[in-house]
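In the working numbering, the protein residues as written are 57 to 155.
All residues carry an ideal CB built from backbone N, CA and C; glycine is no exception.
Scroll down for the structure; my scribbles are underneath it.
Right, here's the structure in full:
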């Protein structure tokens with residue numbers, strides 16, 4: 057298995073465990089549902105990249121691995137730097153869906 061495919065599989069598994077944890081936590085704290093939207097967006101993004109890696113079947117070149125690594129790191133940096141905007145978006149979306 058390719059290194060980039062393994063890395064994406066580990067990230068997807070970790071995010072899915074976090075989603076299950078947030079679902080369990082939301083029974084005790086209703087504000088925990090705010091984290092479901094950013095985690096769901098991350099999981100969909102990584103599923104798309106995983107599909108891209110699976111379909112391209114590139115050789116394990118360094119340039120390809122670094123390209124996939126950059127695609128993996130960019131949303132994590134974005135989520136880390138703009139955390140308050142993601143939370144505000146999640147709160148407004150949850151409020152809209154509850155009406």
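Within the model, the alpha-carbon separation for residue 123 versus residue 148 is close to 34 Å. For residue 146, the enclosing alpha helix (DSSP H) has its first and last residue at 139–154. Around the beta carbon of residue 119, fewer than 16 other beta carbons sit within 10 angstroms, so the residue counts as exposed. When C-beta atoms of the region 72–92 are compared with those of the region 102–116, fewer than three pairs fall below 8 Å, so the two segments do not count as touching. Taking the C-beta atoms as reference points, residue 117 is found no nearer than 8 Å to residue 68.
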